[in-house]
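Note sheet for the following structure.
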Amino acid sequence: MKKYSILLLPFILASCAPVSESQFTEQRLSELEIKVAKLEERQEKIEEQLEEINKRLDYITKSIAKREIKSYKEPEEEKPPFEEVKSTEDEKAEYENALELYKMKQLNEARDAFVEFIKKYPNSKYTDNAYFWLGKTFYELGNTERAKQIFNVLIKKCKSGELPDCNKLPDTYFMLVKISLDEGNIEEANRYLSILEEKFPDAEATQRAKELIYKTP
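Each residue of the sequence shown is one higher than the one before, counting from 1 in full-length UniProt numbering.
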């Protein structure tokens, strides 16, 4: 009996091997199916996310296009905000207040008001006038050196285009002619007169400067 058992052992082992390998193969296939299912699930999620991103990009693109069209069609039709209109009115009121102080010969108060205006509104359409009257205020206060500095600052800002309006330039050069004559500097006065004759030949300030120089002994 023992002999038969030993003889049958190889057959028993041979019959067991295919069963074990089959089970292993089935297990691997099952694992692969699970991985494939997970990959498909992830792929679906990625596609959904891409679709959502595309929708957002499409929305953003259309929104930008609408804003560009709107900004192109409507700029001239838009009315200035109330705050901007009010600011312009404030500028005018503050400038006129400073000028009134000058006319009333309240020179220290006028000086302070013009300085404050220039600080507050450095690019206003009244700023060149404020610089001019500030220079005249210093001149009448007896500080001719400071007056010259202010007038030259005004000229520089007008040349560089920093100020939107420079209608006071002829009068500014006239004041520099006057100050030069006060200091006895005829050569400098003539230099400023030459600038007036070249740049503003028909200006009243040019004629006044000529008369002032001709009257100087």
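C-beta atoms are modelled at their ideal positions from N, C-alpha and C, and glycine is treated no differently.
With 16 other Cβ atoms within 10 Å as the buried cut-off, status of residue i
| i | result |
| --- | --- |
| D128 | buried |
| M175 | buried |
| P164 | exposed |
| L196 | buried |
| L181 | buried |
Which of helix, strand or coil DSSP assigns to residue i
| i | result |
| --- | --- |
| E183 | coil |
| F200 | coil |
| K215 | helix |
| Q106 | coil |
Span separating the alpha-carbon of residue i from that of residue j
| i | j | result |
| --- | --- | --- |
| I186 | V153 | 22 Å |
| N108 | T206 | 29 Å |
| K92 | G161 | 21 Å |
| L29 | V36 | 10 Å |
| S22 | E51 | 43 Å |
| K159 | G142 | 27 Å |
| Y214 | D90 | 43 Å |
| L32 | E41 | 14 Å |
| K120 | A113 | 10 Å |
| K148 | T88 | 29 Å |
| G184 | E100 | 32 Å |
| E198 | I155 | 15 Å |
Cβ shell of residue i (< 6 Å), same chain only, five flanking positions each side left out
| i | result |
| --- | --- |
| E94 | F117 |
| R111 | T137 |
| K168 | D128, N129 and F132 |
| K105 | none |
| A203 | P170 |
| T144 | I179 |
| K125 | P164 and D165 |
Same chain only: Cβ atoms within 7 Å of residue i, ignoring 5 sequence neighbours per side
| i | result |
| --- | --- |
| F151 | G135, T172, M175 and L176 |
| Y102 | A110, W133 and T137 |
| K210 | L193 |
| E140 | L107 |
Other residues of its chain near residue i: CB distance less than 8 Å, five sequence neighbours each side excluded
| i | result |
| --- | --- |
| F200 | L169, P170, Y173 and T206 |
| N190 | I213 |
| N97 | A113 |
Cβ of residue i within 8 Å of any chain C Cβ
| i | result |
| --- | --- |
| Q23 | This model lacks chain C altogether, as it is built from one protein chain only. |
Q | Entirely enclosed alpha helix (DSSP H) segments - the region 121-189, minimum 4 residues | A | As far as the region 121-189 is concerned, its whole alpha helix (DSSP H) runs of at least 4 residues are 127-140, 144-160 and 169-182.
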